[in-house]
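The next block holds one structure in the form of structure tokens; read it before the comments.
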Amino acid sequence: MLNLHYYPNTLSLVPHMVLEETRLPYKLVLVDRRGPRTKAYLKLNPEGKVPTVTDGSQVITETMAILMTIADKSGKLAPKVGTKRRADWYRWSAFVGDTVKEAVFRFFRIGREEKNAKVRKQKQEVARKQLDDLWQAVDRHLSAGGPYLLGKSVTTPDFHLHLMELWDPDPKRLAATFRHVGKHMERMAARPAVKRVVAQHAKERAELQATA
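To get my numbering, take the position in the sequence shown, counting from 1, and add 938.
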């Protein structure tokens, strides 16, 4: 059984959604980020980040690696090895998990770190434009070959993309500006596994904040 070490409403959402979608047996292990990480957890992930997955003695960190591991273990949400679609899967997994994620994080990192309000606004306008350029690329791709990133079948990077859609600085504007991205967001949000996990994380995060 896989153990998903997580904290609600973090990148842990993505492997949790994928585990629910594949119906692989798994157990949730809360990593309380409100204080220092335990020594036991730092042995698993020295950076102290979430998510981390353990499978017996095997430890898997990094969200993309975790998603690929779940896909291979379940035989779902990924094309066959050696096919062109498998290469496309690698490509879009990396594009979403690295390029898009970093652009989203950059926008909010500026908000946290830049103390000068005028400079912060200028930097975030640049970051917003860079992020919009990426959404435009995704929108064109979905328009030409959607409704999912690899065509008619949902795969792991679609779940990762959905979290980035939700974490965009203005998801409503995103859906209205980039029509095919908006449709992708709607399709993913309607999936039962996604609904369950998003609701669970929202509830748990609220409960943890209430007891902080």
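Beta carbons are placed, not taken as given, at the ideal position from N, Cα and C, and that holds for glycine.
Here the structure is a predicted model, which is why all the values come from computation and not from measurement.
- When DSSP states are grouped into helix, strand and coil, L968 belongs to the strand group.
- Rounded to the nearest angstrom, the Cβ distance from T1001 to G1035 is 6 angstroms, consistent with a contact under 8 angstroms.
- A straight line joining the alpha-carbon of R972 with that of P1107 spans about 24 angstroms.
- Classified as exposed, K1141 has fewer than 16 neighbouring CB atoms from the shown chains inside 10 Å of its CB.
- Per the coordinates, the alpha-carbon of R1058 lies some 28 angstroms from the alpha-carbon of A1032.
- When secondary structure is reduced to three states using DSSP, Y945 falls in the coil class, being assigned neither helix nor strand.
- Per DSSP, the beta bridge partners of G1089 are Y1086.
- Residue environment analysis places K987 among the buried positions, since at least 16 neighbouring C-beta atoms fall within 10 angstroms of its C-beta.
- By the neighbour-count definition (other C-beta atoms within 10 Å, threshold 16), A1082 is an exposed residue.
- F1045 sits away from D1077, with the two beta carbons spaced by 7 angstroms or more.
- Between E958 and V1136, the alpha-carbon positions lie close to 11 angstroms from each other.
- In the same chain as V1042, and ignoring 5 residues on each side of it, the C-beta atoms closer than 7 angstroms to its own belong to L1069, M1102, W1105 and D1106, in chain order.
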